[in-house]
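Numbered according to the working numbering, the sequence shown spans residues 31 to 160.
Down below is the structure, laid out as structure tokens.
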Amino acid sequence: MARRDEDWLRQAKRDLEHARHALDDRDYEWSCFAAQQAAEKAVKALYQRIGADAWGHSVSTLLSNLPSHIYPGDVLIDKAKELDMHYIPSRYPNSYPSGAPLDFYTGEGAKRVIGYAEEIITFCEDKIFR
């Protein structure tokens with residue numbers, strides 16, 4: 031099977047750029063979703079690099095299941111847990127008792143999770159290119 035880790039990582043970085051653009055446009059819910067996607071794809075790039083299968087969309091679960099020699103630590107996994115919270119509610123109004131996702135997302139929240147995605151991408155990139 032062909033290695034695709036660099037393709038996954040390139041797309042992760044592109045998704046992170048999309049998160050930043052959405053932040054600039056005040057589309058905070060989409061910014062948070064794109065940040066989650068960026069982190070997920072970066073971790074999947076790392077799985078590709080080590081020749082392992084990665085299933086699912088939970089960034090924290092994917093990070094937690096990495097082999098012990100590249101385990102990221104609890105602090106990064108906690109940040110991934112916050113990113114995980116944006117996978118569905120950022121897109122679907124039925125995630126809330128009333129209102130739409132756009133009513134619940136803020137610029138500060140989007141900035142925070144973009145920073146978390148950046149940290150996860152850097153972690154994965156360091157492991158992929160060392």
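Quick reminder that beta carbons are idealized off the backbone N, C-alpha and C, glycines included.
Determine, using beta carbons only, whether Q66 and L96 come nearer to each other than 8 angstroms. no
Cα-Cα separation between S94 and P123, rounded to whole angstroms: 30 angstroms
Do you know how far the Cα of P119 is from the Cα of Y126? 8 angstroms
Suppose contacts are defined by Cβ-Cβ distances below 8 angstroms. Is A69 in contact with I150 by that definition? yes
Is S61 near A42, with beta carbons less than 8 angstroms apart? no
Sub-8 angstroms separation of A72 and C154 beta-carbons: yes
Excluding the 5 residues flanking P131 on each side, which residues of the same chain have their C-beta closer than 8 angstroms to its C-beta? E59, P119, S120, R121, Y122, P123 and S125
Between the CA atoms of D55 and S128 - distance to the nearest angstrom: 24 angstroms
Assigned secondary structure, N95 (DSSP; H/G/I helix, E/B strand, else coil): coil
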